[in-house]
Every structure is written in structure tokens, then in C-alpha cells.
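Peer 1: Letter by letter, the sequence shown follows residues 162 to 543 in the numbering used here.
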Amino acid sequence: MKPVRRVLPALLLSLFAGTTASTAGAAQFSGVVVFGDSLSDAGYYRPFLAGLGLPANVVSTLGRFTTNPGPVWSELVSQYYGFTGTPSNVAGGNIFAQGGATVATNSPSTPPGFAQRPVSTQIGEYLARNGGVADAGALHTVWAGGNDFLNGFTQLSQGQITQAQFQAQFLGAAAAEIQQVGRLYAAGARYVAVFTLPDIGITPFALAAGPTAAATATAAAAGYNTTLFTGLAAAGLRPIPVDVFSLLAEIRANASAYGFTNLTGIACGPFPRRSPPPAARSSAARTTSWRPARTRPTSSPTACTRRAARTASSATSSPRSSRARPPTRCSPNRRCARARRTSRRCRRASRSANARSRARSPPSRAPRAATSTSTPQAAPPA
162 MKPVRRVLPA
172 LLLSLFAGTT
182 ASTAGAAQFS
192 GVVVFGDSLS
202 DAGYYRPFLA
212 GLGLPANVVS
222 TLGRFTTNPG
232 PVWSELVSQY
242 YGFTGTPSNV
252 AGGNIFAQGG
262 ATVATNSPST
272 PPGFAQRPVS
282 TQIGEYLARN
292 GGVADAGALH
302 TVWAGGNDFL
312 NGFTQLSQGQ
322 ITQAQFQAQF
332 LGAAAAEIQQ
342 VGRLYAAGAR
352 YVAVFTLPDI
362 GITPFALAAG
372 PTAAATATAA
382 AAGYNTTLFT
392 GLAAAGLRPI
402 PVDVFSLLAE
412 IRANASAYGF
422 TNLTGIACGP
432 FPRRSPPPAA
442 RSSAARTTSW
452 RPARTRPTSS
462 PTACTRRAAR
472 TASSATSSPR
482 SSRARPPTRC
492 SPNRRCARAR
502 RTSRRCRRAS
512 RSANARSRAR
522 SPPSRAPRAA
532 TSTSTPQAAP
542 PA
């Protein structure tokens, strides 16, 4: 079992080198609390895997919806700020995310035998654990909506609902997410990071369904993001935005700069191991997608997501205002394929962003600020 435990792509190792917790990093937030779905799940279903009779030392490396044993972004961000990222069904766990979860409704993606835990339930569990009060000094993150899309898109493709019903159902999930973010603020949270949906239309799942389906998926994700951040602004909420939609587009446009060679393939084996087969292990770090759902990332883009999240959270000022900030993007840097060594433009942008970040008032010393900002494409679902 040793090979399974030590399989960690070289690129991921280089990214890991920048996640060592420091005293200054740990001092910035009093904790990290994560809500969401499989993109953030750090092993909620691990007890199920243990029940299959797998050795304990193997189970400990599995259970994430990525190229196991590689970590997901929520674990990396927790480590960066000096905390241990563990599932909430482990004593003291801070990652409430559960694979298959939607924003606020039951999901057919939840495996049989497991409780339905949409983000609304996850937040309820967190608040109940803390006497109804959110930790004002903690970084709270919300990333959801992907399963709301997948469930609705499946119904649409099977003729169970109309296009209009799909749009209303999906954008209703965005409205529900706004309510959940507001719920955290009302409970006392001061720092809430909200992630956009990625461009689902460029995943192997959507591409395999054909160009029309891919275009529908792209427009739906962009419409969800626009509805989400417009609604947050209208509600007077000012979360920390993390623009994964633009991040993924940037990686695709500059794949070699980020160290990727495969933008359309899959890099993972079947359930329950979810780990790359031996022939794929050497290339897993250069592959952006994952199997079987073909909508989840491998560990390498997950680590880039970690960087985008932490740089966005570092540039915070006041946690609330009447206007939501545009999502923040990650840009090429030394640990994202060392692009900074070859791009004077990126170096100048980074220095400028650092100067702007220092002029603000984050909780304490912040890591490198994001180099650019952008608003997700404002296209309604097709």
C-alpha cells in the first residue's frame, strides 16, 4: 500500500511547499470553516470506505473527490492559515462540505444511506455546534450550485423538465445561496468567501454531450454567477469573491504556463478508490479533470483554487458594504508553473497588487494579493 500513499504529483508537491503554516498566517483568522459539495469535501464519506473492509492506512488516503491521496483546496487553505482541515463528522472537524450536496434541497447525488446535507443544513449544523453564533474572526467559505446544475441538467436532457423550468430551478439555487450567505453574516460572521461556479461547459462531462449542451452549461454557470453576486450586492452583503470561472478560463488559455498538457481528459479510476490508475499517475498533475462525473478537478487545479482563495481572502477590508466586490482571479506565479520568471507583465501586476493590498486593512499580515479582478460573464442560461 505504500505506493498509493506516496503518489503525489511533482507539481502538487511544489504547490504544497507554499502552504506551510506560519505564525503570521495563523494569526490572520481564528479558524477556517468550509461549506459546499464535492469540490470542497475533504473526506466526509471516509467512514463508508472503512465499512468496505479497506485497510485503515488506505482509507486515510481516500474519500476525496479528486486524485487521491492529493488534498482538496479546503484542506490546503486550512493548512495555510495554521489549521488542520478535517471533515465535520470527525471530532472538531471544520469542513462541513459533503459530496453530492446542493444549496438548499435534497439531492439525488447523495449516496443511499447518507443524510441529505445541503449547504443550508451544513450551516445549521455549524451554528448549532457554536450556540447559534458564527466565529467573527474565522474565514467562512461557501462554494455550491454545481449539483443543482447537474441534477437540473439531467432532468432537462431526459425531458423531465422544460428549459424554462431548468432555468427557474437553477437560478432559484443562486437565490438560496444568497440567503445562506446572509444567514452567516446575521449570525456574526465577518469574513465570508463566496466562490463562483466554474465554467461547466468546458468539462469532459459537458463536452461529451455535444456543443449545444456545452454552450448551455457555460451560459448556465455564468448566469448563476451573475445572479449570485448581483443578489449579494442588492442584499447589502460584501463577501470575499473567488472567481473560479475566470480562473479556469485563464488556466485553459495559458495551459503550458500553469504546467498542464491535458485539458479534456480524465485522470481517475472508478469508485471507491478515486485514485489514478498506475499508467495515469505520472500525468495526473498535468490533467485538469476527473472521473467518473468528469466535472471535478485533479489536485493540481485544486491547488490553484487554493491560491485564488487565499489571495482573495488576504485582500479583504470591510466585510460588508452596499456593493459586492468583483471576484478575484489567480494569475501565473512561481508555484503555478513558475510563469512569473517569464512574464514581466505578471511581475509588474503582482507588485502593483501587493501595494494596493498593503494600503488596505486586512486582519494582519496577508500573503501575496491577487493580481487582477474580473466579473464573471453575465450570460443567462441558454
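Every residue gets a Cβ at the ideal spot worked out from N, C-alpha and C, and that includes glycine.
Taking only the alpha-carbon atoms, compute the straight-line gap between residue 394 and residue 402 and give it to the nearest angstrom.
Peer 2: So the two alpha carbons sit approximately 12 Å from each other.
Peer 1: From residue 438 to residue 319, what distance separates their C-alpha atoms?
Peer 2: With a pLDDT of only 44 at residue 438, under 50, the local geometry of the prediction cannot be trusted, and no value is derived from it.
Peer 1: If you follow the beta strand (DSSP E) that residue 352 is part of, which residue opens it and which one closes it?
Peer 2: It spans 352 to 356 - the beta strand (DSSP E) in which residue 352 sits, taken as one unbroken run.
Peer 1: Secondary structure at residue 402, three-state DSSP: helix, strand or coil?
Peer 2: Reduced to three states, the DSSP call for residue 402 is strand.
Peer 1: In its own chain, which residues sit with a C-beta less than 7 Å from the C-beta of residue 400, not counting the 5 before and 5 after it?
Peer 2: Taken in chain order, the residues that qualify are 342, 353, 354, 355, 393 and 485.
Peer 1: If we ignore side chains and look at the alpha-carbon of each, how far apart do residue 276 and residue 362 end up?
Peer 2: Distance between the alpha carbons of residue 276 and residue 362: 30 Å.
Peer 1: DSSP three-state call for residue 427: helix, strand or coil?
Peer 2: Residue state, collapsed to three classes: coil.
Peer 1: Rounding to the nearest angstrom, what Cα-Cα distance links residue 379 and residue 344 in this structure?
Peer 2: Straight-line Cα distance between these residues: approximately 29 Å.
Peer 1: By Cβ distance, which residues of its chain are closer than 6 Å to residue 246, with the 5 residues on each side in sequence left out?
Peer 2: Excluding residues within five positions, the ones whose Cβ falls inside 6 Å are 203, 235, 236, 239 and 256.
Peer 1: Unbroken alpha helix (DSSP H) runs of length 4 or more, entirely within the region 223 to 266: which are they?
Peer 2: 234 to 241, all fully within the region 223 to 266.
Peer 1: Can you check the region 315 to 377 for any beta strand (DSSP E) of at least 3 residues that lies completely inside it and give the ranges in chain order?
Peer 2: The qualifying runs are 352 to 356.
Peer 1: Counting C-beta neighbours from all protein chains within 10 Å, is the total for residue 310 16 or more, i.e. buried, or is it exposed?
Peer 2: Answer is buried; the Cβ neighbour count reaches 16.
Peer 1: State the CB to CB distance for the pair residue 388 and residue 335, rounded to an integer number of angstroms; the pair is presumed to be in contact (CB under 8 Å).
Peer 2: So it is a contact: roughly 4 Å between Cβ atoms.
Peer 1: Could you pull out every residue in the same chain whose Cβ sits closer than 8 Å to the Cβ of residue 294, ignoring the five residues on either side in sequence?
Peer 2: The answer, listed in chain order, is 288, 348 and 349.
Peer 1: So what's residue 292 in DSSP terms, helix, strand or just coil?
Peer 2: It is coil, neither helix nor strand.
Peer 1: Hey, out of 303, 209, 382 and 414, whose CA is closest to residue 272's CA?
Peer 2: Comparing Cα-Cα distances from residue 272 to each of 303, 209, 382 and 414, the minimum goes to 209.
Peer 1: Which residue comes first and which comes last in the beta strand (DSSP E) that contains residue 302?
Peer 2: Per DSSP, residue 302 belongs to the beta strand (DSSP E) from 300 to 304.
Peer 1: Does residue 189 pass the burial test, meaning 16 or more other C-beta atoms within 10 Å, or should it be called exposed?
Peer 2: The residue in question, residue 189, is buried, as its Cβ has 16 or more Cβ neighbours within 10 Å.
Peer 1: Run through DSSP, which three-state label would residue 196 get?
Peer 2: If DSSP states are grouped into helix, strand and coil, residue 196 belongs with the strands.
Peer 1: Buried or exposed for residue 278, please, with buried defined as at least 16 other CB atoms from any protein chain shown within 10 angstroms of its CB.
Peer 2: Result: buried.
Peer 1: Report all residues from its chain with a CB closer than 7 Å to the CB of residue 308; omit the five preceding and five following residues, and keep chain order.
Peer 2: Only 198, 261, 262, 263, 268 and 270 meet the Cβ criterion.
Peer 1: Spatial neighbours of residue 382 within its chain, please: CB distance less than 6 Å, with the 5 preceding and 5 following residues excluded, ordered by chain position.
Peer 2: For residue 382, where only same-chain residues beyond five positions count, the Cβ hits under 6 Å are 358, 360 and 361.
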